[in-house]
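K.L.:
All residue numbers for the sequence shown refer to the numbering used here, where the first residue is 40 and numbers rise by one. Using N, Cα and C, we set each Cβ at its ideal position, and we do this for glycine too. These numbers were taken from a predicted model, which means no experiment stands behind them. First, the structure itself, so that you have it in front of you.
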Amino acid sequence: MIEETNVSEVWSAANATKNEVLIGVCAPLVAMNWEMFAPSRLFHVNTEIEGMMSLLGCTRMAEESGASIIKALLEWRNASRDDKTRTARTTAFRDMVSVLGIRDTPDLIKYLFVEGLEIPAEWRRCLAEEQKTAKEEPIASSSMPSY
């Protein structure tokens with residue numbers, strides 16, 4: 040049985056073996072304990088792209104700030120074991136931003152600047168493109184008031 044007491048070990052094993060079922064079972068528990076996992080270097084080293092995508096797809100992650108997630112993704116990227124993994128994680132960021140709907144908001148930019156976080160140029164472009172796309176999307180008719 041997977042519980043808060045063993046989810047870290049199971050998560051690591053699931054990612055190491057790329058066991059999508061186990062990753063899917065662990066992801067909600069990891070999301071519920073995000074404050075514990077987000078700063079963990081071991082978590083960042085052991086989490087594969089598939090695991091991170093599954094985690095970011097959890098509804099609980101929508102409650103986290105874009106800044107907190109971007110910071111964790113930077114730590115995750117920088118914890119890559121080698122250049123190949125780092126490149127793959129950098130490239131996967133575009134899909135992750137789409138899953139989360141993170142926008143390059145003034146608050147996010149201010150946070151990244153104040154924290155002195157080095158964000159890759161391709162990530163900045165990706166966030167800017169997401170912001171532009173969000174501005175261009177029409178308002179859904181279901182969100183319009185009915186008279």
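Which two residues bound the contiguous alpha helix (DSSP H) that contains residue 72?
P.N.:
Careful: residue 72 lies outside any alpha helix (DSSP H) and carries neither H nor E.
K.L.:
Contact between the segment 118-127 and the segment 89-102: three or more CB pairs below 8 Å?
P.N.:
No contact exists between the segment 118-127 and the segment 89-102.
K.L.:
Beta-carbon separation of residue 70 and residue 100 under 8 Å?
P.N.:
In contact: residue 70 and residue 100 (Cβ atoms closer than 8 Å).
K.L.:
Taking the alpha carbon of residue 168 as the point to measure from, which residue in 152, 155, 116, 137 has its own alpha carbon closest?
P.N.:
The candidate whose alpha carbon is nearest that of residue 168 is 137.
K.L.:
Give the C-beta separation of residue 43 and residue 72 to the nearest angstrom, bearing in mind that I take them to be a contact with Cβ-Cβ under 8 Å.
P.N.:
Right, the Cβ-Cβ distance comes to about 6 Å (below 8 Å), so this counts as a contact.
K.L.:
Going by DSSP in three states, residue 121 sits in which element: helix, strand or coil?
P.N.:
If DSSP states are grouped into helix, strand and coil, residue 121 belongs with coil.
K.L.:
Over the uninterrupted alpha helix (DSSP H) stretch that includes residue 81, give me the two end residues.
P.N.:
Residues 80-85.
K.L.:
If I follow the unbroken alpha helix (DSSP H) through residue 47, where does it start and stop?
P.N.:
Residues 46-55.
K.L.:
With a cut-off of 8 Å on the beta carbons, I'd call residue 57 and residue 87 a contact; round off their distance for me.
P.N.:
Residue 57 to residue 87, Cβ: 6 Å. Contact.
K.L.:
Mapping DSSP to helix, strand and coil, what is residue 96?
P.N.:
Note: residue 96 maps to coil in three-state DSSP.
K.L.:
Among 61, 107, 59, 112, which residue has its Cα nearest to the Cα of residue 83?
P.N.:
Of the listed residues, the one whose Cα sits closest to residue 83 is 112.
K.L.:
Rounded C-beta distance between residue 107 and residue 77? I'm assuming under 8 Å.
P.N.:
The Cβ separation is near 7 Å, so the contact holds.
K.L.:
Could you check how far apart the C-beta atoms of residue 118 and residue 97 are, in whole angstroms? I think they sit under 8 Å.
P.N.:
Incorrect: roughly 20 Å between the Cβ atoms, too far for contact.
K.L.:
For residue 139, which residues in the same chain have their Cβ closer than 6 Å to its Cβ, ignoring the five residues on either side in sequence?
P.N.:
Excluding residues within five positions, the ones whose Cβ falls inside 6 Å are 95.
K.L.:
Cutting at 8 Å between CB atoms, please list the residues of its own chain near residue 63, excluding the five before and the five after it.
P.N.:
93.
K.L.:
Compare the Cα-Cα distances from residue 147 to each of 132, 135, 133, 163 and report the closest residue.
P.N.:
When only C-alpha atoms are compared, the closest one is 163.
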